[in-house]
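Here this note's numbering runs 88 ahead of the position in the sequence shown, where the first position is 1.
Here a beta-carbon is modelled for each residue, glycine too, at the ideal position from N, C-alpha and C.
The structure presented is a predicted model; accordingly, all values stated were derived computationally and were not measured.
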Amino acid sequence: MPKRILVGTVVSDKTDKTVVVKVERKVKHPLYGKIIRRSKKYHAHDEDNAYKAGETVRIEETRPLSKLKTWKVIDRVQAGKGTAIEADV
């Protein structure tokens, strides 16, 4: 069975080797038909403490690493607003 891959935003990087990733999805309301946002937070393994809050990352499902962690961070999709990006001068 293939592993699920989700894209979300890092909301917390305070714990060691762990980041909390908020994944949002859009669903249609069953009665009213309006598109609404639903979100869920996942604890993901970050071995090198490389990811900071505000960054958009991809996470992959993995074996249970702890009580809450069953995901690991694959890579960075987009840098956060507070991250400095070098420009060629």
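Worksheet item: Taking just the CA atoms, how far does K116 sit from K122?
Response: Position 34 of the sequence shown, counted from the start, is the residue given in the question as residue 122. Position 28 of the sequence shown, counted from the start, is the residue given in the question as residue 116. Cα to Cα, K122 sits roughly 6 Å from K116.
Worksheet item: According to DSSP, is E143 helix, strand or coil?
Response: In the sequence shown, residue 143 corresponds to position 55, counting from 1. Residue state, collapsed to three classes: coil.
Discussion item. Quick check on the DSSP output: the beta strand (DSSP E) that includes E112 runs from which residue to which?
Written reply: One-based indexing of the sequence shown puts residue 112 at position 24. Per DSSP, E112 belongs to the beta strand (DSSP E) from 106–116.
Practice prompt. Determine the direct distance from the alpha carbon of T97 to that of R126, and round the result to whole angstroms.
Written response: Here residue 126 corresponds to residue number 38 of the sequence shown, with the count starting at 1. Here residue 97 corresponds to residue number 9 of the sequence shown, with the count starting at 1. Distance between the alpha carbons of R126 and T97 is about 14 Å.
Practice prompt. Indicate the three-state DSSP secondary structure (helix, strand or coil) for L94 in the structure shown.
Written response: Position 6 of the sequence shown, counting from 1, holds the residue named residue 94. Looking at L94 - three-state DSSP - the assignment turns out to be strand.
Discussion item. According to DSSP, is E149 part of a helix, a strand, or is it coil?
Written reply: As a position in the sequence shown, residue 149 is number 61, starting the count at 1. Here E149 sits in strand by DSSP.
Fill in: Contact check, V108 vs D134, beta carbons under 7 Å
Here residue 108 refers to the residue found at position 20 of the sequence shown. Here residue 134 refers to the residue found at position 46 of the sequence shown. Contact flag unset, no.
Practice prompt. Apply the 10 Å Cβ neighbour rule to Y120 and answer buried if 16 or more other Cβ atoms are within range, or exposed otherwise.
Written response: Locating residue 120 in the sequence shown gives position 32, where the first residue counts as 1. Exposed, by the Cβ-count rule.
Worksheet item: If you draw a straight line from the alpha carbon of K105 to that of D136, how long is it in whole angstroms?
Response: Mapped onto the sequence shown, residue 105 falls at position 17. Mapped onto the sequence shown, residue 136 falls at position 48. In a straight line, the C-alpha of K105 is about 7 Å away from that of D136.
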